[in-house]
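Participant: Numbering (the working numbering), first residue to last: 3 to 409.
In this text, a Cβ means the ideal position worked out from N, Cα and C, and glycines have one as well.
Being a predicted model, the structure only gives us computed values, none of them experimental.
Here you go, one structure.
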RNA sequence: GUGGCUGUAGCUCAAUUGGUUAGAGCACCGGAUUGUGGUUCCGGGGGUUGCGGGUUCAAUUCCCGUCAGCCACCCCA
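Written as C-alpha cells, this is what we have:
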C-alpha cells in the first residue's frame, strides 16, 4: 500500500460521506429553523490568534508550521477565535442579537482514540449581544432539537446544565475559601473519571474539611433547590443567578415540547475552557458509553478581552465524530444504497448517440440517469441497472419504440 | 508524550505443535444462463502475510525494532 491517510485523518467513501451529509443536513436544517445565519472563515490562521489568548502551552496541541513566507501558522483548532475576530470587526454594524452558525473542519495535533481524531467537523452556533437567559435557552433548545431531528430522544441523551456563578456561590456557602476554588473545579470536572478516594485526597489537601469534601464529592446529586437553600441560608450573593437558572429551565421546557425531560441540573459540569462566565452545558448519551457530544455556554467577557467590542456572547460546539458514533450504535443512521431514477438499456444495434440523446432529455427534466458507456449485452445492462439501484429501466430498441417498467 | 492489546485480499475470516505455489465467502471485472429486472453456473484480477531485521534447513506462525489501529492515562473538541 503506497499511500494511506495520515493518522487521525479520514477518507470519506460514498457510504461515509452519506453519513456525514445526513448529520450536516440536520445541523443546517435546525439552525435555519432557529434563524441562525451561516458563515465561515479560513481554515489556516496565524499561530498568534490562538497563543494570544491561551498561552504558548497550547502550541503542543496545534497543527502548526512555518509557511513559505516564514509566517507561523496553524490549522484552526476551534472556531471561536475566528468568530470573535469577525464579529469584532463589524460589531457596530451587526444587527443584535447576532445569530450565526458555521460547520468548520477543525484540527488538533493529538494522539487519536475513539471519538477523538486529528480532524473533525464541528457545528458552531453562537449568539452575540444578548445578556438575558432567553438567549441561553434558545441555544440549548437548538441543540436538543438537533438531537430530535436525528431521532434521538431524552431516553438516550441528557443535557447537563450548570452555572459558573451559582457554583461559586454554592462553594462560598459551603464555607470553602475562594483560594481553593480552582482545585475544587478541577476535581469536580473529573469526579466521574477519577476514584472517589483520589478526589477526596486532593480536596483535603486543598484545605477542605470533611463535610466540605463530602459536599463536593456529592455535588452531582445536589438539586437546584438544595443549592438555593444553602445559598440563601448563608446570605451569600448569587441568589439572582439561581432565579435565572430557574427561568432558563422554564424557557427550554417551553421551546422544546419535551424539553424538561432532557435537562438535568448538575453542578459538576465545569467545562475546561476558562472563558466561560455563566450557564454552561454539555450533552451526553445517558449510557455513558461516549464522550460529550456537545458543549457550550456563556462567555460574556471574551470579545472584550481580545480587543473587540465588549458584547455578551454565548455558543456551543457539536462535533461529528461522537455524534455519528452514537447514531450508529443506536441504529439511527440511514442505510445508504445506490439510487438512480432511470437506467437506459438498449439493444446492441442501437447507436450510443441515441441513448445519449434520451439521457439528455431526461436529465434536462431533473432526473438522474445512467446507462452503459459502451456496448454490452442487454442482460449485462439489466444487471448493471439493478446494481445501480435504478428505480425505472427504459429499454431502447432500434425501431425507436421505448418501454419502461416500474422496478 | 506514557503504558497495554492487536496487525493475513476492499470487507469478514482460514492456513496441523514453524513445513510444498497463503485459501474461502462477499465485493469487483468478464462470459454464459435464466420465457423474459434481484436466478444459477463458469472464469478472472487482486496479498513481497503492515514494514525492517534476527533465530532456523524452513517463519503468516518464534524474538527485537518500527509504523499503524484500538484502549487507558495526559489533555481537551
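Report yes if the C-beta distance between residue 1 and residue 286 is below 7 Å; otherwise report no.
Facilitator: The requested residue 1 does not occur in the structure, where the chain is confined to residues 3 to 409.
Participant: Does residue 127 pass the burial test, meaning 16 or more other C-beta atoms within 10 Å, or should it be called exposed?
Facilitator: Numbered from its first residue, the first chain carries residue 127 at position 125. Per the 10 Å Cβ criterion, buried.
Participant: On the CB-based measure, 16 or more other CB atoms within 10 Å of its CB, does residue 245 come out buried or exposed?
Facilitator: For this step, residue 245 is matched to residue 243 along the first chain. It counts as exposed.
Participant: Which whole-angstrom value is the C-beta distance of residue 186 and residue 205, which I expect to be below 8 Å?
Facilitator: Taking the first residue of the first chain as position 1, residue 186 is located at position 184. Taking the first residue of the first chain as position 1, residue 205 is located at position 203. About 7 Å separates the two Cβ atoms, so the contact holds.
Participant: Starting from residue 320, trace the beta strand (DSSP E) in both directions and tell me its first and last residue.
Facilitator: As a working note, residue 320 is residue 318 in the first chain. From DSSP, the beta strand (DSSP E) with residue 320 extends over 315-321.
Participant: Using DSSP bridges, identify the partner residues of residue 115.
Facilitator: Locating residue 115 in the first chain gives position 113, counting from the first residue. In the DSSP output, where bridge partners are listed per residue, residue 115 has 118.
Participant: Would you tell me roughly how many angstroms separate the C-alpha atoms of residue 360 and residue 366, rounded to the nearest one?
Facilitator: By one-based count along the first chain, residue 360 stands at place 358. By one-based count along the first chain, residue 366 stands at place 364. C-alpha separation (whole angstroms): 10 Å.
Participant: Any idea what DSSP makes of residue 124, helix, strand or coil?
Facilitator: Working through the first chain from its first residue, we reach residue 124 at position 122. Residue state, collapsed to three classes: strand.
Participant: Whose CA, out of 369, 374, 195, 190, lies closest to the CA of residue 355?
Facilitator: Your numbering for residue 355 matches position 353 in the first chain. Closest by alpha carbon: 374.
Participant: Only counting the same chain, and skipping five residues up and downstream in sequence, which positions put a Cβ closer than 8 Å to that of residue 11?
Facilitator: Counted from its first residue, the first chain places residue 11 at position 9. Around residue 11: 119, 120, 121.
Participant: Just reading off the alpha helix (DSSP H) that residue 168 is part of, what are its end residues?
Facilitator: Taking the first residue of the first chain as position 1, residue 168 is located at position 166. Taken as a continuous stretch (DSSP letters only), the alpha helix (DSSP H) holding residue 168 covers 166-175.
Participant: For residue 215, which residues from the same chain have a beta carbon less than 7 Å from its beta carbon, with the 5 sequence-adjacent residues on both sides left out?
Facilitator: As a position in the first chain, residue 215 is number 213, starting the count at 1. Counting only Cβ-Cβ distances below 7 Å, and skipping sequence neighbours, we find 202, 205, 206.
Participant: Among the residues of its own chain, which have a CB less than 6 Å from the CB of residue 19, if the five just before and after it don't count?
Facilitator: Within the first chain, residue 19 is the residue found at index 17, counting from 1. Hits under 6 Å: none found.
Participant: Output the boundary residues of the alpha helix (DSSP H) element that contains residue 388.
Facilitator: Residue mapping note: residue 388 aligns to position 386 of the first chain, counting from 1. That run of the alpha helix (DSSP H) goes 380-389.
Participant: Tell me whether residue 405 sits in a helix, a strand or coil according to DSSP, three-state version.
Facilitator: As a first step, residue 405 must be located in the first chain, where it is residue number 403. With a pLDDT of 49 at residue 405, under the threshold of 50, the modelled position of this residue cannot be trusted, and the question is left open.
Participant: Counting only runs that start and end within the stretch 256-310, where is the beta strand (DSSP E) found for 3 or more residues in a row?
Facilitator: Counting whole runs of 3 or more residues, the stretch 256-310 contains the beta strand (DSSP E) stretches 265-267, 281-287, 296-300.
Participant: Just to confirm my understanding: we take residue 371, look at its own chain, exclude 5 residues before and 5 after, and list those with CB closer than 6 Å. What are they?
Facilitator: Sequence index remark: in the first chain, residue 371 carries index 369 (1-based). 344, 361, 364, 365.
Participant: Alpha carbon to alpha carbon, what distance is there between residue 23 and residue 336?
Facilitator: The residue labelled residue 336 in the question sits at position 334 within the first chain. The residue labelled residue 23 in the question sits at position 21 within the first chain. Distance between the alpha carbons of residue 336 and residue 23: 11 Å.
Participant: Using CA atoms only, rank isn't needed, just tell me which of 45, 328, 208 is closest to residue 183.
Facilitator: Within the first chain, residue 183 is the residue found at index 181, counting from 1. Residue 208 is the option with its Cα nearest to residue 183.
Participant: Given this structure, state the Cα-to-Cα distance separating residue 357 from residue 341, to the nearest angstrom.
Facilitator: As a working note, residue 357 is residue 355 in the first chain. As a working note, residue 341 is residue 339 in the first chain. Computed Cα separation, rounded: 20 Å.
Participant: Please confirm whether any heavy atom of the ligand MN lies closer than 6 Å to the CB of residue 157.
Facilitator: The ligand MN is not among the ligands present in this structure, which contains no ligands whatsoever.
Participant: In whole angstroms, what separates the C-alpha of residue 217 from that of residue 73?
Facilitator: For the purposes of this step, residue 217 is identified with residue 215 of the first chain, where counting begins at 1. For the purposes of this step, residue 73 is identified with residue 71 of the first chain, where counting begins at 1. Distance between the alpha carbons of residue 217 and residue 73 is about 50 Å.
Participant: Which partner residues does residue 65 have in the DSSP bridge list?
Facilitator: On the first chain, residue 65 is found 63 positions in, with the first residue counted as 1. Answer is 77, bridged to residue 65.
Participant: Which runs of the beta strand (DSSP E), 3 residues or longer, sit entirely within the stretch 157-228?
Facilitator: Those beta strand (DSSP E) runs which fall completely within the stretch 157-228 and span 3+ residues are 159-165.
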